[in-house]
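Here's the structure, in structure tokens; my notes come after.
2 protein chains.
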Amino acid sequence: MEESRQLIMLPGPTNVPPKVMRAMIKPMINHRGPEFRELYEGILGNAKYVFQTKGDVVVLTSSGTGGVECAVTNVIQGARKIIVPVGGIFGQRLRETIAVMGGEPIEIPVDWKRAVTMDMIENVIKKEKDAKAVAVIYNETSTGSTIKCMREIGEFCNEHDLLFIVDAISILGGDSLPVDDWHVDICIAGSQKCLMSPPGLAILSISDKAWSTIEKAENIFYFNLKSYRKYKEEGQTPFTPAIPLYYALDEALKMIREEGLENVFFRHKVCAKAFYRAVEEMELVPFTEEEFRSNTVIAINNPPKVSDVSLREILRRKYKVVIAGGQGKLKGSIFRIGTMGKISRAEVMQTIGALNMTFRDLGYESKFDGSISAAKEVFEKETI
Amino acid sequence: MEESRQLIMLPGPTNVPPKVMRAMIKPMINHRGPEFRELYEGILGNAKYVFQTKGDVVVLTSSGTGGVECAVTNVIQGARKIIVPVGGIFGQRLRETIAVMGGEPIEIPVDWKRAVTMDMIENVIKKEKDAKAVAVIYNETSTGSTIKCMREIGEFCNEHDLLFIVDAISILGGDSLPVDDWHVDICIAGSQKCLMSPPGLAILSISDKAWSTIEKAENIFYFNLKSYRKYKEEGQTPFTPAIPLYYALDEALKMIREEGLENVFFRHKVCAKAFYRAVEEMELVPFTEEEFRSNTVIAINNPPKVSDVSLREILRRKYKVVIAGGQGKLKGSIFRIGTMGKISRAEVMQTIGALNMTFRDLGYESKFDGSISAAKEVFEKETI
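Going down the list, the sequences are from chains D and Y.
For the first sequence, the tail end lands on 919 under the numbering used here, and the numbers increase by one without skipping.
For the second sequence, the tail end lands on 919 under the numbering used here, and the numbers increase by one without skipping.
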């Protein structure tokens, strides 16, 4: 297949900045030597800035899902019963992980067009007095919905001595998540989403409260957090790390720190807003109810008579823009766009343009001018 | 720390060829799209050539140790009792993995200077009639020893309906291992050893016989081989793969195929032979007994009065050659050199030179001329 530069508008992996890509080809080093120590310590320092935590951070060589398995398997022996809202594929996966790892997931079913609310959580906790943790998908990648009561959940967990575990894979670095302020005990991020690095690393923050539960964990090998903590003292990981991906993450975190977290969040917010406005003008309907809409994943209902597969195929082949389809029960009925990482006006406007052209190719008369103007207006007003 | 090109003579990671490094910076792609499918299918085809198998191959985003955990956890429910020779750190780790994952490891203690022999295995199997598998470290990275009766173990396992599980992380692609011929049911390799790629991927071959045991496996998530098999049909992995590392592995496997497996093995053998000859002339003593010496990891006793730490420190700082020390109970008493991947006369001769110079810096009178001549002679005789 011919190599070609595409605009990657997936909800991960995202467009990786050239500087981050180039960081991968730095000369190979010893993962038990001083160069790796300096690299790893630099990453951890900047990751703490992005997580807004004074707690521990570790980096695993695995996908984000591996990071979630790591979090669950390390707490499950001390916190067997875990409350988990399920409103999409990743909520389902989290529930399944808890069950598979020997825990007891208490599911809160959530409308896939919405996200869990505080009253739903409180209602369940009243009945499940021996629950030890609440685990949530902060941003449900499969539906484009974001939990809006994170601070409240964190405060509640803090007051009731529950662990607060947050899968923030598709949102950390793209929207507000002050881990310490919000009393998040374990937060899981992935390298290939808002952290604009290639896929292959999971990054976890761990609070002191979480550590006291993790102490009880036994019979874990590759995902053993106690090993990661022990080796971290020497600036190492227990098993051979994916060195080039660590170099890339290091560079990306430096770029985020340089831009400033608040600026980064604002940029994501404006890009998402431009998309939602354009979509509205195109007479398309976002899948997610307005109050829960994500700033990092935009999910949109397919217009009637437009084939999901053709839409993505034409976008990719003819206009070199890559977006995602629906997953699970949403397969064929929605499409999803990632607004993550080094996202800016250029990528948003190109995608809106290509979407309009593709719809026309497919015989759906979308309002090209109106959508472009609406998005443009957002960028001009917000001046990013 | 200043970036500097070092000669990486570790038993992994190794010197990655520039072409393989550059493959990592190919434009980002969708891991659920046609480009990844083509990439993954190409990798699997060439990996089958290197494993010499017609069976299945899968690639995981994890270190080699993750690959071993994957193999063990997928068979342990159908094959609880596993015979495992232990003659070094990685044998210990394999035994521990089996125990941690709920299996019953039957240890065959092996002298760390040697490797297991066929009679040792037969003796144990006579007593352990309900054992379901034999799991071995083909090449013990911590001691530089290689099992020399692999074919016999494989035939024995085949005749007695035992699974034969082989950790070949530090040897696959560097020495003979015809997976199908030797009746290996699961073979685990790592990207960063003889496969001369960056670290971060584990590659597993799986026989039909292994699959029938794996069918019984439940409650596995990240390392669930049945998921990997299912997604492989679509040219995908169940969780987001470390795309740049897949590109690198793809390039490295193509290079191996182009050179030809027998040529690659011969090159490793000659490089190792040159090292062993030079070491002898330097009046140093290899840690491993002659008949078990590895062609990919050279372990050498530290000469008396030479500090292990100073040796590696001077080598690295002054001569930019990176080698490894001893692990576990061998810490401080041996040093280890990897002869893996794109190893050739140049790297071997540079390392022998730098070793001699370092020994002199440390006041140990090594026989420079003799060792250089001895190594040179090996290369001239063997004409590689």
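Even glycine gets a Cβ: it sits at the ideal position worked out from N, Cα and C.
- Message: Would you call the region 791 to 808 of chain D in contact with the region 871 to 880 of chain D, where contact means no fewer than 3 C-beta pairs closer than 8 angstroms?
- Response: yes
- Message: Need the endpoints of the alpha helix (DSSP H) that GLU570/D sits in, please.
- Response: 569 to 586
- If ILE869/Y sits next to ALA910/Y, beta carbons under 8 angstroms apart, how far is it from one beta carbon to the other, in whole angstroms? That pair is no contact at about 20 angstroms.
- Item | Contact residues within the region 560 to 589 of chain Y, judged by C-beta distance below 8 angstroms to chain D | ILE560, LYS561, PRO562, MET563, ILE564, ASN565, HIS566, ARG567, GLY568, PRO569, GLU570 and GLU573
- Own chain partners of PRO644/D with C-beta closer than 7 angstroms, once the 5 adjacent residues on each side are dropped: VAL621
- Query: So ALA634/Y packs on LEU698/Y, CB below 8 angstroms; how close in whole Å?
  - Reply: Not really, about 17 angstroms apart at Cβ, beyond 8 angstroms.
- Task: Quick one: list the residues of chain D neighbouring ASN836/Y, beta-carbon separation under 9 angstroms, in chain order.
- Result: Near ASN836/Y there are no residues of chain D at all, since even the closest Cβ is about 20 angstroms away, more than 9 angstroms.
- Query: Considering only C-alpha positions, which residue in the set THR596/D, GLY637/D, LEU579/D and VAL593/D is nearest to VAL607/D?
  - Reply: GLY637/D
- Using the DSSP secondary-structure output, state which residues sit across from THR681/D in a beta bridge. ASN674/D
- Do you know offhand how far SER747/D's Cα is from GLU768/D's? 18 angstroms
- Message: As an exercise, report each continuous beta strand (DSSP E) stretch of at least 3 residues that is fully enclosed by the region 849 to 889 of chain Y, in chain order.
- Response: 869 to 873
- Chain-order list of residues whose beta-carbon lies under 8 angstroms from that of ILE641/Y (same chain, five-residue window excluded): LYS616, ILE617, ILE618, VAL619, VAL659, GLU663 and ALA666
- Mind listing the chain Y neighbours of ASN550/D? Cutoff is C-beta to C-beta under 8 angstroms, in chain order. MET563
- Would you please verify whether the beta carbon of ARG540/D is less than 8 angstroms from any beta carbon of chain C? No chain C is part of this structure, whose protein chains are labelled D and Y.
- Express the C-alpha separation of ALA703/Y and VAL820/Y in angstroms, rounding to a whole number. 25 angstroms
- Message: Considering only the alpha carbon of each residue, which of THR596/Y, PHE625/Y and ILE741/Y lies closest to THR772/Y?
- Response: THR596/Y
- Who are the neighbours of VAL857/D on chain Y, taking C-beta pairs under 7 angstroms? ASN565 and GLY568
- Task: Please name the residue in LEU730/Y, LYS765/Y, ILE624/Y and GLY863/Y whose C-alpha comes closest to that of GLU794/Y.
- Result: LEU730/Y
- Task: Taking only beta-carbon positions, decide if ARG557/D is within less than 8 angstroms of chain Y.
- Result: yes
- Item | Beta-carbon proximity list for THR676/D, same chain, < 6 angstroms, skipping 5 on both sides | PRO546, PHE625, SER705 and VAL832
- Task: Would you mind working out which of ARG871/Y, MET892/Y and GLU786/Y sits nearest ILE560/Y, comparing C-alpha positions?
- Result: GLU786/Y
- Item | Short Cβ contact (8 angstroms threshold) for ILE907/Y with ILE887/Y | yes
- Residue range of the beta strand (DSSP E) that ALA737/Y falls in? 736 to 741
- As assigned by DSSP and simplified to three states, the class of VAL594/D: strand
- Item | Selection from MET892/Y, LYS728/Y and PRO569/Y that minimises the alpha carbon distance to GLY599/Y | LYS728/Y
- Please compile the residues from chain Y whose C-beta is within a distance smaller than 8 angstroms of the C-beta of ILE617/D. Correct list: empty, because the minimum Cβ distance to chain Y is about 15 angstroms.
- Message: If the cut-off is 7 angstroms on Cβ atoms, which residues from the region 767 to 800 of chain D count as contacting chain Y, listed in chain order?
- Response: PHE774, THR775, PRO776, ALA777, ILE778, PRO779 and LEU780
- Query: Excluding sequence positions up to five away, which residues of its chain have a Cβ less than 6 angstroms from the Cβ of ILE564/D?
  - Reply: GLU570 and PHE571
- Backbone secondary structure at LEU542/Y - three-state DSSP: strand
- Looking only at DSSP bridge pairs, what is PRO620/D linked to? ILE643/D
- Message: Using the Cβ count rule (16 or more neighbours within 10 Å means buried), how would you classify VAL844/Y?
- Response: exposed
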